[in-house]
Amino acid sequence: MSAADKVKPAASPASEDPSAIAGNISYHAQYSPHFSPLAFGPEQAFYATAESVRDHLLQRWNDTYLHFHKTDPKQTYYLSMEYLQGRALTNAIGNLGITGAYADAIKKFGYELEAVAGQERDAALGNGGLGRLASCFLDSMATLNLPSWGYGLRYRYGLFKQRIAKEGQEEIAEDWLDKFSPWEIVRHDIVYPIRFFGHVEIAPDGRRKWAGGEVLSALAYDVPIPGYKTKNAISLRLWDAKATAADFNLFQFNDGQYESAAQLHSRAQQICAVLYPGDATEEGKLLRLKQQYFLCSASLQDIIFRFKERKPDRVSGKWSEFPSKVAVQMNDTHPTLAIPELMRLLMDEEGLGWDEAWDVTNKTVAYTNHTVLPEALEKWSQAVMRKLLPRHMEIIEEIDKRFREMVISTRKDMEGKIESMRVLDNNPEKPVVRMANLCVVAGHTVNGVAELHSNILKEELFADYLSIWPKKFQNKTNGITPRRWLRFCNPELSEIVTKWLKTDQWTSNLDLLTGLRKFADDEKLHAEWAAAKLASKKRLAKHVLDVTGVTIDPNSLFDIQIKRIHEYKRQLMNILGAVYRYKKLKEMSAEERQKVTPRTVMVGGKAFATYTNAKRIVKLVNDVGAVVNNDADVNKYLKVVFIPNYNVSVAEVLIPGSELSQHISTAGMEASGTSNMKFSLNGCVIIGTLDGANVEIREEVGQDNFFLFGAKADQIAGLRKERENGLFKPDPRFEEAKQFIRSGAFGTYDYTPLLDSLEGNTGFGRGDYFLVGYDFPSYIEAQARVDEAYKDKKKWIKMSILNTAGSGKFSSDRTIDQYAKEIWGISACPVP
Ligand code: H53
1 MSAADKVKPA ASPASEDPSA IAGNISYHAQ YSPHFSPLAF GPEQAFYATA ESVRDHLLQR
61 WNDTYLHFHK TDPKQTYYLS MEYLQGRALT NAIGNLGITG AYADAIKKFG YELEAVAGQE
121 RDAALGNGGL GRLASCFLDS MATLNLPSWG YGLRYRYGLF KQRIAKEGQE EIAEDWLDKF
181 SPWEIVRHDI VYPIRFFGHV EIAPDGRRKW AGGEVLSALA YDVPIPGYKT KNAISLRLWD
241 AKATAADFNL FQFNDGQYES AAQLHSRAQQ ICAVLYPGDA TEEGKLLRLK QQYFLCSASL
301 QDIIFRFKER KPDRVSGKWS EFPSKVAVQM NDTHPTLAIP ELMRLLMDEE GLGWDEAWDV
361 TNKTVAYTNH TVLPEALEKW SQAVMRKLLP RHMEIIEEID KRFREMVIST RKDMEGKIES
421 MRVLDNNPEK PVVRMANLCV VAGHTVNGVA ELHSNILKEE LFADYLSIWP KKFQNKTNGI
481 TPRRWLRFCN PELSEIVTKW LKTDQWTSNL DLLTGLRKFA DDEKLHAEWA AAKLASKKRL
541 AKHVLDVTGV TIDPNSLFDI QIKRIHEYKR QLMNILGAVY RYKKLKEMSA EERQKVTPRT
601 VMVGGKAFAT YTNAKRIVKL VNDVGAVVNN DADVNKYLKV VFIPNYNVSV AEVLIPGSEL
661 SQHISTAGME ASGTSNMKFS LNGCVIIGTL DGANVEIREE VGQDNFFLFG AKADQIAGLR
721 KERENGLFKP DPRFEEAKQF IRSGAFGTYD YTPLLDSLEG NTGFGRGDYF LVGYDFPSYI
781 EAQARVDEAY KDKKKWIKMS ILNTAGSGKF SSDRTIDQYA KEIWGISACP VP
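In terms of full-length UniProt numbering, the sequence shown opens at residue 1 and continues consecutively.
Below, the structure written as structure tokens:
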């Protein structure tokens, strides 16, 4: 009898019969030690239900692991410092196809599924787009039956909770593990040592060896990720840091020195304490680097362990086989240390020579770039790196040296370019390691996340490398999972889509949505479509009332901008537009106002805690809302609402209820954007610039169904020059909106520094670097076209239908299929 057979469960998890499920939920309520069995409020109901669902997931997870183990396919490992998972219950039962059974079972306790699911806390282990993309990718990997796993960190406190106080945004630690997470399984059998600091020695066999310093443990927590309509469930493995009993100094403790007795324990706790520790201080920077290394080292040790486990005879001499069994994808530069760590493990632990280790590493790792913003391209101080990771710094220096030699010996013509292409920037003032350069030099493939962005990488950021490695660069336009972002968050619209397409297969074959095009003028579909939208708008209005106390009219045009607050995303242009609109409404007569399209402008998003201008923008939206919403002359025609604490589950309410959504970044600055895809999929029309994935969305949905404005990416540099040279003449409407705010119309807060950032040369540095002033007139004019279009209900609904119909390309299933075929070289491995 094999070990696996010995532990086969006597009974499988609750079947799909509601009574059996209810019994299983009761079982968990009684025997899970978290709550008194006497109390069974909605919260307890959630935890017991989740544990019951987890039984299903675990079985699939085990079956999938075993199947991969036996089949030994090539497997992808997605390394990401961020996952924005959101809630899991609705998604899990939806993917397992047991939503109805669970809804019925829960009714037996007197509860509605929606209310129970609403008890779940968001798992917000990410900041924004990049983290949510990673989560969508996991859903698609599982659904496509791909042998692939995610690796990340188990932050104790995820993305902060945002509260809006009098002074603006306040950050509160988000304790998603406050009670516990029913989805994770702690794996006490999976623990790896992780070293920091120390020095490099020469071992007796001549190998270099990293020694000394401090050693912590990485402990695995597995979160099963079920695919849609498949038996496969993959793993998101999150690492937590621990110190051991041996690190606890009992002598010191008994001597009353409590803190020093547990020093290493407290340092271990810091590692996964928070997502993105503030990096303004040296301590903060060091902690962030520790986090990155912790993720890379634990994951690679685990990957190598599994490589050996699947074929024990691989232990020696078969390393050339490694890239045919393992693909490592680095989600941005955050996991770049995977490169020197894999080199170190192969050379120092496994005994490979440099050339062989380099060949294996190069064939294994690939890099996705998500930004061209200079301030977001990571650079680490060489001194900090040398102190924390001395052996890795040696390896990086060697990579840099060999790259230089290669260019010098093979590409005389590039000599002048070498300094900027090198991995090391040896500027004596501030010597740094350029992480993106390391990724490009060491990885076999580099990809951008939308066509425009990938072209900018090839033509600008990485242009010099392109001439050396023309085949290294690819595009993989981002995508979103249609399960969470239409099927489960918008059941009303989903039913209509299924009814008209006569199949629900669009859920895993999103291209089928084009089938809606032929009904785009059908009046019956229009009536159903409008009713579904209205239902979602009412749900949204209820959320707004609950969290802000502001009543909004579901018959007004719902105009939404939700994303991280950043100057390049230009929420400031949105709010200046609303201010301008307000001023014009004030100047109108009562009769004139009646002709105006009523609008509710909603803005939501978090500002990084130390990003002052972003916080000022949050404050301004709130201040404008406070005045406009209480102005009886106009508040029938305009409301401005700031939606607090924007997160995944709030997005699931807002997106289905949206009609117009703003994706208005300065062209060339937003690598892709993914919420634009979610809005469009839910029948929302976009007002936007030709930036990121907007370009492709507009192509797919048709240019008549997209409100375009603003400068193009290739004009931006010239326009900035023009501004610098004082040649820019601002439009009077732009001046009027700014002046209105400066006049104190929205309270006494000093908005001067924020508004000055939009002026020419103010000492605030970049003098409207994001070109709000240049794009403002065309933005206002596009908004006027929106107002006109919305008056024609038939036209608007047709635009809405055509947006959904044109969204097929933006399924993350398509994206992941392309990664699998064109970068990873893996194929489906479905559990039979
Ligand atoms: O990644 C998204 C893009 C989006 C881009 C975002 C992103 C982060 O969320 C964090 C860091 C980073 O470098 C980029 O801003 O345009 O859609 C997923 O690719």
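From the three backbone atoms N, C-alpha and C, an ideal C-beta is built for every residue, glycine too. Computed from a prediction, not measured in an experiment: that's the story for all the values here.
Starting from the C-beta of F248, find all residues in its chain whose C-beta is less than 7 Å away, skip the five residues before and the five after it, and write them out in chain order. Within the sequence shown, residue 248 is the residue found at index 248, counting from 1. Cβ within range, chain order: A261, A262, H265.
Helix, strand or coil at K229 [DSSP, three-state]: As a position in the sequence shown, residue 229 is number 229, starting the count at 1. Coil.
Name the one or two DSSP bridge partners that G150 has. The sequence position of residue 150 within the sequence shown is 150, counting from 1. The partner list for G150 (beta bridge, DSSP) reads Y78, L236.
In DSSP terms, what K458 is bridged to: Numbered from 1 along the sequence shown, position 458 holds the residue referred to as residue 458. Within the DSSP secondary-structure output, K458 pairs in no beta bridge.
Does the beta-carbon of A671, which I'm using as the reference point, lie nearer than 7 Å to any heavy atom of ligand 1? On the sequence shown, position 671 is the one that residue 671 refers to. Because some heavy atom of ligand 1 lies under 7 Å away, the Cβ of A671 counts as near it: yes.
Closest by CA to A366, which one among V326, V384, L346? Counting from one through the sequence shown, the residue named residue 366 turns up at place 366. Cα-wise, what sits closest to A366 is V326.
Nearest to K150 by alpha carbon, out of N95, L236, I98, K231? The count along the sequence shown starts at 1 and reaches residue 150 at position 150. Just to set this straight, residue 150 is Gly in the shown sequence, not Lys. When each option's Cα is compared against that of G150, the closest is L236.
Under 8 Å, do P644 and R121 count as touching if we go by C-beta distance? Your numbering for residue 644 matches position 644 in the sequence shown. Your numbering for residue 121 matches position 121 in the sequence shown. For the pair P644 and R121, the CB atoms are not nearer than the 8 Å cut-off.
Between the stretch 532-547 and the stretch 562-571, do at least 3 Cβ pairs fall closer than 8 Å? For the pair of segments examined, the stretch 532-547 was found not to touch the stretch 562-571: the number of CB pairs separated by less than 8 Å stays below three.
For H663, verify whether its CB is less than 7 Å away from any heavy atom of ligand 1. By one-based count along the sequence shown, residue 663 stands at place 663. Not so, every heavy atom of ligand 1 lies at least 7 Å from the Cβ.
Inter-residue Cα distance where the pair is A92 and S675: For this step, residue 92 is matched to residue 92 along the sequence shown. For this step, residue 675 is matched to residue 675 along the sequence shown. Spanning the two alpha carbons is a distance of roughly 22 Å.
Considering only C-alpha positions, which residue in the set C439, I395, T610 is nearest to residue 842? This structure gives no information on residue 842, because the portion of the chain shown stretches from 1 to 832.
Does DSSP classify Y819 as helix, strand or coil? Residue 819 sits at position 819 when you count from the first residue of the sequence shown. Here Y819 sits in helix by DSSP.
Flag D332 as yes when its Cβ comes closer than 7 Å to any non-hydrogen atom of ligand 1, and as no otherwise. For this step, residue 332 is matched to residue 332 along the sequence shown. D332 Cβ: within cutoff of ligand 1.
Inter-residue spacing [alpha-carbon to alpha-carbon] between L177 and G23: For this step, residue 177 is matched to residue 177 along the sequence shown. For this step, residue 23 is matched to residue 23 along the sequence shown. Those two C-alpha atoms are separated by around 27 Å.
Extract the residue ranges of the beta strand (DSSP E) inside the stretch 473-527, only unbroken runs of 3 or more that lie entirely within it. Taken in chain order, the whole beta strand (DSSP E) runs of length 3 or more contained in the stretch 473-527 are 473-475.
Measuring CB atoms only, is the stretch 455-463 touching the stretch 425-434, in the sense that at least three cross pairs come out at less than 8 Å? Because the criterion of three Cβ pairs below 8 Å is not met, the stretch 455-463 and the stretch 425-434 do not touch.
DSSP has P224 in a bridge; who is on the other side? The count along the sequence shown starts at 1 and reaches residue 224 at position 224. In the DSSP output, where bridge partners are listed per residue, P224 has S235.
Taking only runs of the alpha helix (DSSP H) that begin and end inside the stretch 385-415, which ones reach a length of at least 4 residues, in chain order? Listed in chain order, the complete alpha helix (DSSP H) runs (minimum 4 residues) inside the stretch 385-415 are 390-410.
With DSSP run on the structure shown, which of helix, strand or coil describes Q382? Within the sequence shown, the letter at position 382 stands for residue 382. Residue state, collapsed to three classes: helix.
Could you work out which residue in E350, P656, S80, L389 is closest to A530 when comparing CA atoms only? Position 530 of the sequence shown, counted from the first residue, corresponds to residue 530. Cα-wise, what sits closest to A530 is P656.
Are the CB atoms of L144 and I823 nearer to each other than 8 Å? Residue mapping note: residue 144 aligns to position 144 of the sequence shown, counting from 1. Residue mapping note: residue 823 aligns to position 823 of the sequence shown, counting from 1. Cβ distance not < 8 Å, so L144 and I823 don't count as in contact.
Do S381 and E341 come within 8 Å of each other at the CB atom, strictly closer than that value? For the purposes of this step, residue 341 is identified with residue 341 of the sequence shown, where counting begins at 1. For the purposes of this step, residue 381 is identified with residue 381 of the sequence shown, where counting begins at 1. For E341 and S381, no; Cβs fall outside 8 Å.
Selection from V547, A632, I741, E214 that minimises the alpha carbon distance to K387: Along the sequence shown, one-based indexing puts residue 387 at 387. Minimum Cα distance to K387 is reached at E214.
Looking at the secondary structure, which residues open and close the beta strand (DSSP E) in which N331 lies? Reading the sequence shown from its first residue, position 331 is the one you call residue 331. Its beta strand (DSSP E) spans residues 326-331.
Got a sec: does ligand 1 put a non-hydrogen atom nearer than 7 Å to the Cβ of residue 833? Residue coverage of the chain in this structure runs from 1 to 832, which leaves residue 833 outside it and unanswerable.
What residue from A745, D691, I480, I395 has the CA that sits closest to S140's CA? Stepping through the sequence shown from its first residue, residue 140 is reached at position 140. Answer by Cα proximity: I480.
Where G763 sits in the DSSP three-state scheme: Locating residue 763 in the sequence shown gives position 763, counting from the first residue. For G763, the predicted model reports a pLDDT of 47, less than 50, meaning its position is unreliable; a value from the coordinates is still stated below. Reduced to three states, the DSSP call for G763 is coil.
DSSP beta-bridge partners of N682: In the sequence shown, counting from the first residue as 1, residue 682 sits at position 682. DSSP output for N682 lists no bridge partner at all.
Is the beta carbon of G692 within less than 7 Å of some heavy atom of ligand 1? Translated into the one-based positions of the sequence shown, residue 692 becomes position 692. Yes, Cβ of G692 sits closer than 7 Å to a heavy atom of ligand 1.
I'd like to know if the stretch 68-84 and the stretch 123-130 are in contact, where contact means that at least 3 CB-CB pairs between them fall below 8 Å. Contact between the stretch 68-84 and the stretch 123-130 is present, because at least three Cβ pairs lie under 8 Å.
CA nearest to the CA of V648, picked from Y155, K161, L534: Numbered from 1 along the sequence shown, position 648 holds the residue referred to as residue 648. Of Y155, K161, L534, the residue nearest in Cα terms is K161.
Going by C-alpha to C-alpha distance, which of Y580, Y568, L638 sits closest to P554? The sequence position of residue 554 within the sequence shown is 554, counting from 1. Per the Cα distances, L638.
Entirely within the stretch 781-820 and at least 4 residues each: give me those alpha helix (DSSP H) ranges in chain order. Listed in chain order, they are 793-805, 812-819.
Any idea if S827 is buried or exposed, counting beta-carbon neighbours within 10 angstroms, 16 or more meaning buried? Locating residue 827 in the sequence shown gives position 827, where the first residue counts as 1. With fewer than 16 other Cβ atoms within 10 Å, it is exposed.
Which value, in whole angstroms, describes the spacing of the CA atoms of G100 and T64? Residue 100 sits at position 100 when you count from the first residue of the sequence shown. Residue 64 sits at position 64 when you count from the first residue of the sequence shown. In this structure, the alpha-carbon of G100 lies about 25 Å from that of T64.
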